[in-house]
């Protein structure tokens, strides 16, 4: 994996094992056609968690307001759609661009902060944007949200079926492209500099590095990706509601990422399905106390391994190999 | 007179009631090899902090090649060629030796804005990094994490990073501290092999090193410059000897009896 342990200078090499995740995602399309709608929302959350990993795992920025980026992308995409622009790809891109611009505007102000003050400011911004969206009924529909997002056939050919086949492959395609982009970024000299900032920002300044600029660039890219995730949720649900901006969305993304493993890019891709799968069955078990199970799972995984589920697998493999050696 | 590489005038810094830097003036010509000595607590490290920008002065002016940089950010000074090292190593401990130096090379080459081409395929940058590691005898440890290598090697890496930044003015804060005696030569050779037009200021306690390296010595006592002069002159000055109280202090100047 691209774990915290693997050397920077090797990170650009694709490993055969990486194909496994994508093959499983593709196989799902054929094996479980009846679950494609819910699986699509899993992919959207995986993309959201991936964008958070770029921010948290590689730039070392802990944000509790990442839902703002997600929500802005979702609302902008929906509004453009309702205004009459029905093409899907450009709609999602515009949603992402809006979130990227948002990050470029606030990033230079807030990324001077670190630690607890930064976390609190992201929490505050999240609360303000949520309430603003709640108030601005004329724009966002308030509590009722924005229903009625309709898409033109993809590439002018593929219709958006009720069973979600097109939607699933459309989101999987976005995920693949953006994941590849992330892989390039974290292996690039910029990605290395970002990780240098995470490890020791003052030392980076003493190498002549523009630390704030690096952080703003990283934040803008993570925000744009979260915006695209939000836009994809608006498009595939044909609806945007206030919950896209809620603290719960930020926390969900964070929990998924931590469950899967921070700083390895695949963490979100593994954590999102795990979280939503457990959530699904826990809710069937008990619709009131299901968070018990999620909470318990989180505690167990974090206790067992600092690198989430993927870190746990790494640890086990290492132990097995060491066992063979002796 | 030519424009000095680095010039400071009227530098003041107090921590609370303690004046750590008191009206210090310092001038490094291009190509100067200057040592900064003084007893513990004289304010040597603070002075290097003020010059490099890690500490803000209360008063005074610092100019780099004739340009006032007193208010300029750290990173800007580094880009202008002002580079420092730390007495206690400040490195990226979770990264490998090669990655540490790559970060410096990449920043120096302006490659750090490249989001696309993999760092691992930037052969020219990696070769430059390896060249510097070779010079400091670190090439065999290049794939080990900094936290796993001996402290002496971390000290050499600190110097290697400074060299990778292609300084015009280099401030070395006790570079030899913590380096095993037989490796100090590696360090001094690396410093000696730097282009002659670089101005170097070195805080150093070992008078053998000072004598071998420096053409000019600043003596700092209680935050003030006590005297400036060529090494031989400074070391024989009764005034300077007086500030190094005690037999251990005196023995620094005892000359050849003291092994390097």
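Residue numbers (our numbering), protein chains in the order written: chain A, 92 to 417; chain B, 686 to 945.
Ideal Cβ positions, reconstructed from N, Cα and C, are used throughout, including at glycine.
_chain A contact for residue 743 of chain B (CB, 8 Å cutoff)_ = No, residue 743 of chain B does not count as interfacial toward chain A.
*Backbone secondary structure at residue 237 of chain A - three-state DSSP*: If DSSP states are grouped into helix, strand and coil, residue 237 of chain A belongs with the strands.
*Since residue 775 of chain B is in the beta strand (DSSP E), which residue starts that stretch and which ends it?*
No residue range can be given for residue 775 of chain B, since it is assigned to no beta strand (DSSP E) and is classified by DSSP as neither H nor E.
*Kindly say whether residue 294 of chain A, judged by its beta-carbon, lies nearer than 8 Å to any beta-carbon of chain B.*
Closer than 8 Å to some Cβ of chain B, the Cβ of residue 294 of chain A qualifies, so yes.
*Does the beta-carbon distance from residue 881 of chain B to residue 902 of chain B come in below 8 Å?*
Cβ distance not < 8 Å, so residue 881 of chain B and residue 902 of chain B don't count as in contact.
*Taking C-beta pairs closer than 8 Å, name the residues in chain A that residue 803 of chain B reaches, listed in chain order.*
Residues of chain A passing the Cβ test: 102, 103, 275, 278 and 279.
*Can you grab the Cα-Cα spacing for the pair residue 810 of chain B / residue 865 of chain B, in whole Å?*
Taking the straight line from one Cα to the other gives about 30 Å.
*Host beta strand (DSSP E) of residue 142 of chain A (start-end)*: Careful: residue 142 of chain A lies outside any beta strand (DSSP E), inside the alpha helix (DSSP H) at 127 to 144.
_Cross-strand partners of residue 712 of chain B (DSSP beta bridge)_ = The beta-bridge partner set that DSSP reports for residue 712 of chain B consists of B:692.
*Does DSSP put residue 299 of chain A in a helix, in a strand, or in coil?*
Here residue 299 of chain A sits in coil by DSSP.
*Taking a cut of 9 Å between CB atoms, which residues from the region 299 to 312 of chain A lie near chain B?*
Residues passing the 9 Å Cβ filter: 299, 300, 301, 302, 304, 305, 308 and 312.
*Measure the Cβ-Cβ separation of residue 298 of chain A and residue 351 of chain A and say whether it is below 8 Å.*
In this structure, residue 351 of chain A does not lie closer than 8 Å to residue 298 of chain A by Cβ.
_Quick check: residue 797 of chain B and residue 292 of chain A, are their CB atoms within less than 8 Å of each other?_
In this structure, residue 292 of chain A does not lie closer than 8 Å to residue 797 of chain B by Cβ.
*What does a CB cutoff of less than 6 Å around residue 759 of chain B pick up in its chain, not counting 5 residues either side in sequence?*
738.
*Around the C-beta of residue 102 of chain A, are 16 or more other C-beta atoms found within 10 angstroms, so that it is buried, or is it exposed?*
Result: buried.
*Name the residues in the region 780 to 797 of chain B whose C-beta lies less than 8 Å from a C-beta of chain A; which are they?*
Under the 8 Å Cβ criterion, the region 780 to 797 of chain B contributes 780, 781, 783, 784, 787, 788, 789, 791, 792, 793, 796 and 797.
*So residue 272 of chain A is in the alpha helix (DSSP H); what residue range does that whole segment cover?*
Looking at the DSSP string, the run of the alpha helix (DSSP H) that includes residue 272 of chain A is 256 to 278.
*Closest Cβ-Cβ distance between residue 763 of chain B and chain A: below 8 Å?*
Residue contact check for residue 763 of chain B against chain A: a CB pair falls below 8 Å.
*Would residue 149 of chain A count as contacting chain B if we go by Cβ distances under 8 Å?*
Among the CB atoms of chain B, none fall inside 8 Å of the CB of residue 149 of chain A.
_Span separating the alpha-carbon of residue 896 of chain B from that of residue 707 of chain B_ = The straight-line gap from Cα to Cα measures roughly 27 Å.
*So with Cβ pairs under 8 Å, would you call residue 287 of chain A a contact of chain B?*
It does: the Cβ of residue 287 of chain A has a partner Cβ on chain B nearer than 8 Å.
*asked:* Please tell me whether residue 270 of chain A has its Cβ less than 8 Å away from any Cβ of chain B.
replied: Chain B contact via Cβ: absent.
*residue 875 of chain B vs residue 790 of chain B beta-carbon contact at 8 Å*: Cβ distance not < 8 Å, so residue 875 of chain B and residue 790 of chain B don't count as in contact.
_Considering only the alpha carbon of each residue, which of A:196, A:184, A:321 and A:412 lies closest to residue 308 of chain A?_
That would be A:196, whose Cα lies nearest to the Cα of residue 308 of chain A.
*Starting from the beta carbon of residue 283 of chain A, find every residue of chain B whose beta carbon is closer than 8 Å, and list them in chain order.*
Within 8 Å Cβ-Cβ: 784, 787, 788, 791, 797 and 804.
*Taking DSSP as the reference, what is the three-state secondary structure of residue 944 of chain B?*
Here the model assigns residue 944 of chain B a pLDDT of 40, short of 50, so the residue's position is not dependable and the matter cannot be decided.
*Report the three-state DSSP secondary structure of residue 888 of chain B (helix, strand or coil).*
In the structure shown, the three-state DSSP call for residue 888 of chain B is strand.
*Would you decide whether residue 398 of chain A is buried or exposed? Buried here means 16 or more other CB atoms lie within 10 Å of its CB.*
Under the 10 Å beta carbon count, residue 398 of chain A is surrounded by 16 or more other beta carbons and is classified as buried.
*Below 6 Å CB to CB, which residues in the same chain sit around residue 348 of chain A once its five sequence neighbours on both sides are set aside?*
Residues 140, 143, 144, 358, 359 and 362 of the same chain have their beta carbon placed closer than 6 Å to that of residue 348 of chain A, with the five preceding and five following residues left out of the count.
*Reducing DSSP to helix, strand and coil, say where residue 329 of chain A ends up.*
Assignment of residue 329 of chain A by DSSP, reduced to helix, strand and coil, places it in the coil class.
*With a 10 Å radius around its C-beta and 16 neighbouring C-beta atoms as the bar for buried, classify residue 353 of chain A as buried or exposed.*
Burial of residue 353 of chain A is indicated by the presence of at least 16 other C-beta atoms within 10 angstroms of its C-beta.
*When you check each C-beta in the region 746 to 760 of chain B against every C-beta of chain A, which residues fall closer than 7 Å?*
Along the region 746 to 760 of chain B, the positions whose C-beta sits under 7 Å from a C-beta of chain A are 759 and 760, read in chain order.
_Cβ shell of residue 251 of chain A (< 6 Å), same chain only, five flanking positions each side left out_ = Hits under 6 Å: 242 and 257.
*In chain A, which residues lie less than 9 Å from residue 909 of chain B when you measure between Cβ atoms?*
By Cβ distance, chain A contributes nothing, its closest Cβ being about 27 Å from residue 909 of chain B, past 9 Å.
_By DSSP's criteria, residue 245 of chain A is part of a beta bridge. Which residues make up the other side?_
Answer is A:249.
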